[in-house]
Amino acid sequence: MVLHDERQEVVEACQYLSDNGLVVGTAGNVSIRVDDRVVISPSGVNYQGMTAADVVVVSMDGTSLDGGLKPSSELPLHLAIYRGTTHSTVVHTHSPASTALSTVVEVVPASHYYTALFGGSVRVAPYARFGTDELAQNVVDALVDRTAALMSNHGAVLAGSQLSKVLEQVPYLEYICDVQLRAGSYGSTVKVLGDEEIQRVLAGLIGYGQESAR
Ligand SMILES: [Zn+2]
1 MVLHDERQEV VEACQYLSDN GLVVGTAGNV SIRVDDRVVI SPSGVNYQGM
51 TAADVVVVSM DGTSLDGGLK PSSELPLHLA IYRGTTHSTV VHTHSPASTA
101 LSTVVEVVPA SHYYTALFGG SVRVAPYARF GTDELAQNVV DALVDRTAAL
151 MSNHGAVLAG SQLSKVLEQV PYLEYICDVQ LRAGSYGSTV KVLGDEEIQR
201 VLAGLIGYGQ ESAR
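Each residue of the sequence shown is one higher than the one before, starting from 1 at the first, in the numbering used here.
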């Protein structure tokens, strides 16, 4: 099977999202770019029964190259990110806190220093209908110098160079959105970290993992 390992990775990533409540039903989608081909989850297939053969391989213009199923309806989003950035893997979720916060802010306030994990304050891409080129462009714009963006009234998208690393970041994005929602509902002004501090944290995160826990 063409690109078997990448297809299997996509299957396991979809199952991870489903098992951890980061998508509802068959929502959400995952892809990996391999040179001029994109391996992407199929549209509307139950994640628990999904196999590598169900995962679709398309060219950079969206033409189906292998796999009999329809690719995810967000294929234009994934292709636009690959054309417009250097990222080589994309994960799209409908996780609850990220989606809820996308309806009330334009940028996720930096109420937690984990904001630095995404390169700085996470922007919210303006709403456009799912599957459209307009939505794809809005998300590409929101991802400039970032590895995550929210999609207004819809969900979240994360991108990077390695699927396992991007998946690890999904719960952190959900966490900072959840923290902001809880803090914002308290009724007092939420203390927010400045850009300079976020950049200092970002510098400190490089090499993190070889130091003691903090
Ligand atoms: Zn979606």
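Yeah, the Cβ is synthetic: ideal placement off N, Cα and C, and Gly gets one too.
Check: Starting from the C-beta of Y16, find all residues in its chain whose C-beta is less than 7 Å away, skip the five residues before and the five after it, and write them out in chain order.; Outcome: L167
Check: Under 6 Å Cβ to Cβ from A148, same chain only, skipping five residues before and after it: list those, please.; Outcome: F118, V122, L158, L173
Check: For the beta strand (DSSP E) containing G84, name the first residue and the last one.; Outcome: G84 -> not in any beta strand (DSSP E); alpha helix (DSSP H) instead, spanning 75 to 84.
Check: Would you report the Cα separation of L202 and C14, rounded to the nearest angstrom?; Outcome: 28 Å
Check: I need the DSSP call for I206, collapsed to helix, strand or coil.; Outcome: coil
Check: Does the separation of the CB atoms of A128 and I198 fall below 8 Å?; Outcome: no
Check: Go ahead and pull the three-state DSSP assignment for S212.; Outcome: Because the pLDDT of S212 is 48, which lies under 50, any placement of that residue in the model is unreliable, and the number read from its coordinates should be weighed accordingly. Coil, per DSSP.
Check: In angstroms, rounded to a whole number, what distance separates the CA positions of L22 and Q180?; Outcome: 18 Å
Check: Quick one, which of K165, R37, T99, G49 has its alpha-carbon nearest D66's?; Outcome: R37
Check: Rounding to the nearest angstrom, what Cα-Cα distance links S95 and A156 in this structure?; Outcome: 7 Å
Check: Check each candidate in T132, Q169, N153 and name the one with the smallest Cα separation from R146.; Outcome: Q169
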